[in-house]
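*Asks:* Sharing a structure below in structure tokens format, with a few things to ask.
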Amino acid sequence: MTVYYSTIDKIRQDPKAPISNLDAVAVSTQLSAQEKFLSNQRSDGLHQVGDTKVIETKVQLVSLDNSDPSAGRVPSVTIDVCWDVSGADLLDADGKSVVPADRADRGWTRLTVANYSWDTDPEGGWRVAGGKDVEKSPCTA
Numbered sequence: 006m007t008v009y010y011s012t013i014d015k016i017r018q019d020p021k022a023p024i025s026n027l028d029a030v031a032v033s034t035q036l037s038a039q040e041k042f043l044s045n046q047r048s049d050g051l052h053q054v055g056d057t058k059v060i061e062t063k064v065q066l067v068s069l070d071n072s073d074p075s076a077g078r079v080p081s082v083t084i085d086v087c088w089d090v091s092g093a094d095l096l097d098a099d100g101k102s103v104v105p106a107d108r109a110d111r112g113w114t115r116l117t118v119a120n121y122s123w124d125t126d127p128e129g130g131w132r133v134a135g136g137k138d139v140e141k142s143p144c145t146a
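Using our numbering, the first residue of the sequence shown is number 6, and each one after it goes up by one.
See the structure below:
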């Protein structure tokens, strides 16, 4: 999970970093959503300073069903990730923060990590395929 978040951080921090770097950590709807999100931020002249920290992870579900990859039935793991963005900021082209003052510094996201390359790459083919924020008490460091 740390590689996923650090890849997104690097793309948000460096306007010259290729958005295609996401291909190494994301797939499916998560890849499309992040590509659009990052492209829009760049178009708006925004960039990030600081890093997202992964504080805690909790595996919720594991499925090694690879019965129909063409229909998306592939091995997957659902993981709740508690992240901390207290050390990260989003700045506009003038260097001013655009982060709302009431932004939560910590939260949980439920990510589905899937391996669409299970037959050829069972260890290295894992990518984040989907995600959604979940309502949980913030984690502690």
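Glycine included, every Cβ here is placed at the ideal spot set by N, Cα and C.
In the DSSP output, which residue or residues are listed as bridge partners for ILE84?
*Replies:* Per DSSP, the beta bridge partners of ILE84 are VAL64 and LEU116.
*Asks:* Assign GLN35 to one of two classes, buried (16 or more other C-beta atoms within 10 Å of its C-beta) or exposed (fewer than that).
*Replies:* buried
*Asks:* Select from ILE60, LEU43 and TYR10 the residue whose C-alpha is nearest the C-alpha of HIS52.
*Replies:* LEU43
*Asks:* List in chain order: all unbroken alpha helix (DSSP H) runs of 4+ residues lying wholly within the stretch 16-57.
*Replies:* Here the runs fully enclosed are 33-48.
*Asks:* Would you grab the beta carbon distance between LYS56 and ASP110 for me? Rounded to a whole angstrom, and I think it's under 8 Å.
*Replies:* Looking at the sequence itself, residue 56 is Asp, so the reference to Lys does not match. Between ASP110 and ASP56 the Cβ distance is about 13 Å, and since that is not below 8 Å, they are no contact.
*Asks:* Nearest-angstrom Cα distance between SER72 and LEU95?
*Replies:* 42 Å
*Asks:* Going by Cα to Cα distance, which pick from ILE84, PRO143, SER68 and SER102 is closest to ARG78?
*Replies:* SER68
*Asks:* Per DSSP, SER11 forms a beta bridge with which residues?
*Replies:* DSSP lists no partner for SER11.
*Asks:* Confirm, please, whether the CB-CB distance from SER33 to GLY135 is below 8 Å.
*Replies:* yes
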